[in-house]
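Chemist:
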Amino acid sequence: MKLSFSGSRQLALGAGLAVVVLTALGVALFLHAYASLSREAFRDRAAAYAQAFATIAESWLARGQEDVAATLAAMLVTGSVRSVTILDVDGALRLSAGGASVSGRGGSGDVEFSDRSVLRVEVPMPSTGSVRLDVDTSSVDLVVRHATTLAVAGAVLFDAGVIALLAWALRRRRGASAPDVLEGAPAPSDRISVGALEIVPARCEARYAGTSLGLTPKQFAVLGVLASKPGKVFTEAEILAAAWPDSPYADARDIKQYVYLLRRRLAAVRPEGRDVIVTVPGFGYRLDDGH
Amino acid sequence: MKKTAGTIVVLMGMLVALGAMGAAQETGQASALDQRLVAFAARMRVSLSMAAFAAFSPSLPDARAQADRLATLLRGDGDRTLGLVQEADLLPEWIAARVEDPDKERALLGAAETVRGFLRLALSSAVSASRARTLGSAADDLLRAYACLLAAWGQPVEGVSIPGLVAVLRGFGIPVAT
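This is the structure we're talking about:
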């Protein structure tokens, strides 16, 4: 199936739009999954961190060395950890570091986000009491923000690349389908009139007595070559060079085939009268005004 | 960074005092050397505890901060406080001053050498963790530091061990909790 240039343009526009929408959807899905997984992984690591500290703190507390446990708790308050609280089995404060609040008490093994940027982790100590950590999640949020920036930048670059590729393909197609005229021929934007035949290269349009001929790009190109200098005899080599510039395998048979098709189109709109395309045996073809 | 170093110096000072208090409690009329050795052992235990939970740090900045603290504990803070590595260099001196039996002294000097070697490896791992670029490699380095500290401690497992600080403590007649 062959498409006209305007059809190709619509198809390219649709494809471009689809690529942009699909990329945006893909990026959104990826970022959502990435943010969820990052937060989940951070939460698991924070729980493991709290559990490791709980085990160690309990061993010091069991030896009656509460001061060492307090020193270790103070050492824990760095980076993401905002505060550490060790609670007795009845929920009473045993020791704390980093300005911890002890209002209320969660169940053992609780992990919750007390606000958007603070994760509260509470884990039981192996035999008695529990340890509660308030962990700042801004580091994982920062990682997600960086990932978002990278993903969006990547998507924009990808979209721009695809759109540039489509535009290039369209331009190439338009270049191939527009009539190639010989040197000295009228500019493509001009209107060419040969008798009742009218060709508007800029609009890829050919009419005879006001009726559109509905030509294919190659038919239009061959007619455009002949119409570029009405009455001039174009040799097959000249027509091939102008209408098939990129096809080394095109030959005189192709010209004959397209001239035949053009004559049929023209005959359909002007059943009577001489051929507009005249064969000059031994030389080539020329365009007459048909009168 | 200065604030962190200051905090660590204060914490280390507290630990030295705690160790000395522990020594006084545990050995009664222990000599000054015994007290220093007990304080050294207390700081080793704290370093072990630190390395153990630091390996589970939830993020790279946490792991690097903990590794930095561990490295400061091991390396000391300039001229103000000796680190475990520098103090371990004094172990042969303490052993020579405290132990009279040459065979025992030789055995304890071997153990002291083990302690020094493993503490240096632990410091190298902690420094490496403090410069790690991923959480995984920082955690690996911290686990390695923990393993080296454990080896320096030298607690026998199923009766088998490379003699470390436990052997030195026992050589000094200081009781060691199992």
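Protein chains in written order, with numbering that gives the first Met the number 0: chain U, 0 to 290; chain P, 0 to 177. C-beta: ideal position from N, C-alpha, C; glycine also. Only a predicted model underlies this, so the values are computations on that prediction, with no experimental measurement involved.
By the 10 Å Cβ neighbour count, where 16 or more other Cβ atoms means buried, how is U/L164 classified, buried or exposed?
Modeler: Exposed, by the Cβ-count rule.
Chemist: Going by C-alpha distance, which of U/A249, U/A14 and U/V76 is nearest U/A49?
Modeler: The option with the nearest alpha carbon to U/A49 is U/V76.
Chemist: Please tell me whether P/L83 and P/S46 are closer than 8 Å, where the distance is taken between their beta carbons.
Modeler: Yes, Cβ-Cβ distance for P/L83 and P/S46 is below 8 Å.
Chemist: Just how far apart, CA to CA, sit P/G135 and P/Y145?
Modeler: Approximately 15 Å, taken between the alpha carbons.
Chemist: For P/Q180, count neighbouring Cβ atoms within 10 angstroms of its own Cβ and tell me buried if that reaches 16, exposed if not.
Modeler: Given a span of 0 to 177 for chain P in the structure shown, any question on residue 180 of chain P remains unanswerable.
Chemist: Check whether the stretch 117–127 of chain U and the stretch 143–155 of chain U are in contact - that is, three or more C-beta pairs closer than 8 Å.
Modeler: Contact between the stretch 117–127 of chain U and the stretch 143–155 of chain U is absent, because fewer than three Cβ pairs lie under 8 Å.
Chemist: Suppose you measure from the CA of P/S160 to the CA of U/V26; what does that come to, to the nearest Å?
Modeler: The straight-line gap from Cα to Cα measures roughly 55 Å.
Chemist: Return the CA-CA distance between U/R202 and U/K228, expressed in angstroms with no decimal places.
Modeler: Distance between the alpha carbons of U/R202 and U/K228: 19 Å.
Chemist: Output the boundary residues of the alpha helix (DSSP H) element that contains P/P91.
Modeler: Start and end: L90 to R97.
Chemist: Does the Cβ of U/V88 have 16 or more other Cβ atoms within 10 Å, making it buried, or fewer, making it exposed?
Modeler: Exposed, by the Cβ-count rule.
Chemist: Taking DSSP's pairing of strands, which residues face U/G198 in a bridge?
Modeler: According to the sequence as given, residue 198 of chain U is Ile; it is not Gly. Bridge partners of U/I198: U/I191 and U/A205.
Chemist: Between the alpha carbons of U/S116 and U/A45, how many angstroms are there, rounded?
Modeler: Spanning the two alpha carbons is a distance of roughly 14 Å.
Chemist: Please report the straight-line C-alpha distance between P/R63 and U/L141, rounded to a whole angstrom.
Modeler: Their Cα atoms are separated by approximately 17 Å.
Chemist: Beta-carbon separation of P/S129 and P/D76 under 8 Å?
Modeler: No. Outside cutoff.
Chemist: Where U/R81 and U/F52 are concerned, what is the direct C-alpha to C-alpha distance, given to the nearest angstrom?
Modeler: Using only the alpha carbons, I get a separation of about 15 Å.
Chemist: Excluding sequence positions up to five away, which residues of its chain have a Cβ less than 8 Å from the Cβ of P/M20?
Modeler: For P/M20, the predicted model reports a pLDDT of 48, less than 50, meaning its position is unreliable; a value from the coordinates is still stated below. Counting only Cβ-Cβ distances below 8 Å, and skipping sequence neighbours, we find nothing.
Chemist: May I ask you to report which of helix, strand or coil DSSP gives U/V26?
Modeler: Of the three classes helix, strand and coil, the one that applies to U/V26 here is helix, per DSSP.
Chemist: At the 8 Å Cβ level, is P/R68 part of the contact set with chain B, yes or no?
Modeler: Absent from the structure: chain B. Protein chains present are U and P.
Chemist: Where do the N-terminal and C-terminal ends of the alpha helix (DSSP H) with U/I238 fall, by residue?
Modeler: That run of the alpha helix (DSSP H) goes E235 to A242.
Chemist: Starting from U/D288, trace the beta strand (DSSP E) both ways and give me its first and last residue.
Modeler: First-last for U/D288: undefined, no H or E at that position.
Chemist: At 4 residues or longer, and completely inside the stretch 61–96 of chain U: list those alpha helix (DSSP H) runs for me, N to C.
Modeler: If we require 4 residues or more, the alpha helix (DSSP H) runs fully inside the stretch 61–96 of chain U come out as 65–75.
Chemist: Beta-carbon within less than 6 Å of U/V308's beta-carbon, same chain only, minus the 5 sequence neighbours each way: which residues are those?
Modeler: No answer is possible for residue 308 of chain U: the residues shown for chain U start at 0 and end at 290.
Chemist: How many angstroms separate the CA atom of U/V221 from the CA atom of U/A208?
Modeler: One C-alpha to the other measures close to 19 Å.
Chemist: My output table needs one value for P/I161: the three-state DSSP class, helix, strand or coil.
Modeler: It is coil, neither helix nor strand.
Chemist: Going by C-alpha distance, which of U/L12, U/A266 and U/L261 is nearest U/L214?
Modeler: Closest by alpha carbon: U/L261.
Chemist: How would you list, in chain order, the residues of chain U whose beta-carbon sits under 7 Å from the beta-carbon of P/S56?
Modeler: Under the 7 Å cutoff, chain U gives Y48.
Chemist: Mind checking P/G163: buried by the 16 CB within 10 Å criterion, or exposed?
Modeler: It is buried - the Cβ of P/G163 has at least 16 other Cβ atoms within 10 Å.
Chemist: Within the 8 Å Cβ cut-off, does P/P60 reach chain U?
Modeler: Output row for P/P60: interface = yes.
Chemist: By a C-beta neighbour count over all protein chains shown, 10 Å radius and 16 as the cutoff for buried, is U/G63 buried or exposed?
Modeler: Exposed, because fewer than 16 other Cβ atoms sit within 10 Å of the Cβ of U/G63.
Chemist: Can you give the Cα-Cα distance for P/L72 and P/Q85, rounded to whole angstroms?
Modeler: Their backbone Cα atoms lie some 10 Å apart in a straight line.
Chemist: At the level of alpha carbons, what is the spacing between U/A166 and U/A195?
Modeler: For U/A166 and U/A195, the distance between alpha carbons rounds to 36 Å.
Chemist: In terms of alpha-carbon separation, which member of U/T136, U/A241 and U/V155 lies closest to U/V19?
Modeler: U/V19 has its Cα closest to that of U/V155, out of U/T136, U/A241 and U/V155.
Chemist: Quick one: is P/A125 near chain U, going by C-beta distance under 8 Å?
Modeler: Output row for P/A125: interface = no.
Chemist: Check whether the Cβ of P/L164 lies closer than 8 Å to any Cβ atom in chain U.
Modeler: Cβ-Cβ to chain U under 8 Å: no for P/L164.
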